[in-house]
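In full-length UniProt numbering, the protein residues as written are 1 to 468.
We put the CB at the ideal spot given by N, CA and C, even for glycine.
Note that the coordinates shown come from a computational prediction; the quantities given were computed from them, not determined experimentally.
Following: one structure in structure tokens, then a few remarks.
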């Protein structure tokens with residue numbers, strides 16, 4: 001549904017500026033409508049936008065996941081809300097639907113960054129001192145309080161405390177300006193300039209789980225070996241390594257990392273397995289059941305079972321993954337049966353439509369036949385009168401005789417059409433009657449198949465998008 005911008009401009013009163021409404025921190029998962037976190041009276045008076053936040057919080061204290069919902073009048077589908085996950089997605093929508101609208105005034109009418117409630121207490125537990133470090137600019141990237149090394153963004157580390165060598169896996173935010181309107185779903189990343197990965201305008205550098213993990217490997221993982229490269233060539237990520245030297249030199253390596261390098265490699269292997277397993281689960285159960293990835297999925301799950309850091313929920317999910325092959329066969333059979341039921345009902349509807357069409361055709365042919373028979377009777381009576389006056393009406397008789405011949409041809413044509421309809425109609429009616437006798441049985445099959453399919457999907461719904 002498109003809204004006329006010119007009309008909207010006349011109907012709207014001036015947008016309320018965000019400075020007129022005080023902002024306050026909100027709890028995780030909060031939602032609402034209107035100011036200060038969503039516009040009101042745009043594009044027309046009475047149009048109120050909605051907003052919602054996730055649970056992840058940046059170091060600066062604002063939510064990472066922030067959504068904007070279009071007002072009810074702009075919703076195209078009643079079953080699916082029109083929502084936006086980033087500023088670029090809102091910008092593209094406004095440019096396509098409201099090309100003449102003032103985009104700057106739209107964003108100036110509300111506050112995009114939503115502050116998180118009780119964020120300072122979380123920072124005191126899992127982050128260093130809140131004093132921000134100077135911003136460093138490298139190859140078009142601004143890094144706030146953390147240095148990012150190579151393509152995998154794994155050099156973002158913090159000093160371990162004296163009481164424990166473990167760190168909290170809070171997400172570190174890397175602000176990347178001037179990304180060309182690339183909007184992806186939350187948590188997914190895209191490659192920029194072949195070096196760093198970001199999502200929308202922010203890159204999230206975090207481990208695969210929000211719980212605390214073992215000490216961080218402080219080796220420059222993104223740095224390529226110089227002795228293996230060609231003479232005279234410098235690795236493309238060496239500049240990032242140099243910029244990270246201050247951070248790396250100030251952080252000690254734990255004894256466990258020095259004495260047990262195999263544990264570090266085992267951890268990296270488990271991280272890769274988790275990543276591959278999460279990417280396969282992102283396909284969804286329906287796609288996995290009909291693909292050739294089940295063997296790889298089960299193999300990865302078997303390897304990940306040896307990870308001693310698994311949580312109870314992750315162990316439960318691994319057991320659920322082991323049930324996928326058997327359940328997928330049942331799911332595919334149910335899906336096939338549902339398709340057969342759909343085809344049966346489609347054929348039934350087509351036959352019923354054919355019966356209605358043939359019935360109308362028969363009625364029209366019968367009506368035309370009655371008209372032609374009446375014309376023939378009238379013409380025959382006229383011929384008898386003409387025979388009595390044949391001398392005076394010879395020319396008239398010849399004309400009427402020609403009309404009678406044409407009428408007889410029409411009679412033959414309509415009689416033939418009527419005969420064809422009479423021959424094929426009983427067979428189709430019989431087929432419809434037979435189908436009606438089987439209708440209840442097919443409806444029962446379809447219902448059972450749908451219930452079985454729904455149960456399987458509900459059982460494996462926790463796996464959809466689950467990340468290890």
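Rounded to the nearest whole angstrom, the CA to CA distance from residue 110 to residue 461 is 36 Å. Residue 40 is bridged by DSSP to 48. The continuous alpha helix (DSSP H) containing residue 345 extends over residues 324-388. The residue among 97, 437 and 290 with its C-alpha nearest the C-alpha of residue 348 is 437. Annotation: residue 86 to residue 277 spans about 27 Å, alpha carbon to alpha carbon.
For residue 97, the closest C-alpha among the options 418, 64 and 42 is that of 42. If you draw a 10 Å sphere on the C-beta of residue 27, you find fewer than 16 other C-beta atoms in it, and that means exposed. Assigned with DSSP and collapsed to three states, residue 82 falls in coil, not helix or strand. For the 8 Å CB-CB criterion, residue 382 and residue 371 do not form a contact.
Secondary structure note for residue 33: its beta strand (DSSP E) is the uninterrupted segment 31-33. Look at residue 107 here: in three-state DSSP terms it is helix. The C-beta distance from residue 396 to residue 386 rounds to 6 Å, short enough to fall under 8 Å.
In this structure, residue 299 lies away from residue 328, with their beta-carbon atoms at least 8 Å apart. Residue 451 has its alpha-carbon roughly 34 Å from the corresponding atom of residue 31. The alpha-carbon of residue 455 is positioned some 35 Å away from that of residue 57. When the beta-carbon positions are compared, residue 449 and residue 286 stay at least 8 Å from each other. The criterion of a C-beta distance shorter than 8 Å is satisfied by residue 116 and residue 61.
For residue 67, the enclosing beta strand (DSSP E) starts and ends at 66-69.
Looking at 365, 446, 272 and 323, the one whose alpha-carbon comes closest to that of residue 344 is 446. Comparing alpha-carbon positions, the option among 311, 322, 358 and 376 lying closest to residue 422 turns out to be 358.
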